[in-house]
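Peer 1: Here it is, the structure, as structure tokens.
In my numbering, the protein residues as written are 359 to 515.
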């Protein structure tokens with residue numbers, strides 16, 4: 359089967375089941391149960407493609423914490439080559455992941471446009487996504503190839 363590379367979008371989700379969506383007023387709401395699972399779209403694409411017979415490599419940036427370990431465990435019995443980079447500044451309580459998937463894609467493409475190896479392209483993507491999650495916008499306001507090069511020297515060399 360064809361080889362597929364999926365970049366980004368690897369989190370650990372807690373899904374809470376409610377009888378109905380809460381009204382916008384103060385109230386006590388009781389869950390009807392919950393489910394924990396790996397997510398979101400990057401992981402979902404990788405899992406679906408692997409189960410459809412594709413040879414999948416998934417690259418994602420995760421924290422070096424309980425959730426990072428749960429994410430690794432989620433892929434242990436899947437036919438997925440799971441590559442990760444650890445973000446040493448990761449703090450699950452302070453991350454806005456909106457735009458991170460786009461940033462990892464853009465960073466990897468920027469690396470490719472600079473004729474870098476696949477490994478370095480993935481690292482550039484990881485850096486771009488790491489910057490993105492520290493900003494309140496979809497793209498880090500100071501994102502540039504020079505910033506990625508500097509971060510790459512700091513974290514990978």
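Note that CB positions come from ideal geometry on N, CA and C, so glycine has one too.
Is residue 379 helix, strand or coil by DSSP?
Peer 2: Against the chain shown, residue 379 aligns to sequence position 21. It is coil, neither helix nor strand.
Peer 1: Could you check what DSSP says for residue 414 in three-state terms: helix, strand or coil?
Peer 2: If you number the chain shown from 1, residue 414 lands on position 56. Residue state, collapsed to three classes: strand.
Peer 1: Contact criterion: CB-CB distance below 7 Å. Does residue 480 meet it with respect to chain B?
Peer 2: As a matter of chain content, chain B is missing from the structure shown, which is built from one protein chain.
Peer 1: Any heavy atom of the ligand MN inside 6 Å of the beta-carbon of residue 411?
Peer 2: By its list of ligands, the structure shown contains no ligand whatsoever, and the ligand MN lies outside what it can speak to.
Peer 1: Among the residues of its own chain, which have a CB less than 6 Å from the CB of residue 492, if the five just before and after it don't count?
Peer 2: Position 134 of the chain shown, counted from the start, is the residue given in the question as residue 492. Nothing meets the Cβ criterion.
Peer 1: To which residues does DSSP link residue 440 through a beta bridge?
Peer 2: Counting from one through the chain shown, the residue named residue 440 turns up at place 82. 416.
Peer 1: Our contact map puts residue 400 next to residue 441 with C-beta atoms below 8 Å; I'd like the distance itself, whole angstroms only.
Peer 2: In the chain shown, counting from the first residue as 1, residue 400 sits at position 42. In the chain shown, counting from the first residue as 1, residue 441 sits at position 83. About 12 Å separates the two Cβ atoms, so there is no contact after all.
Peer 1: Per DSSP, residue 364 forms a beta bridge with which residues?
Peer 2: Indexing the chain shown from 1 puts residue 364 at position 6. DSSP lists 416 as partners of residue 364.
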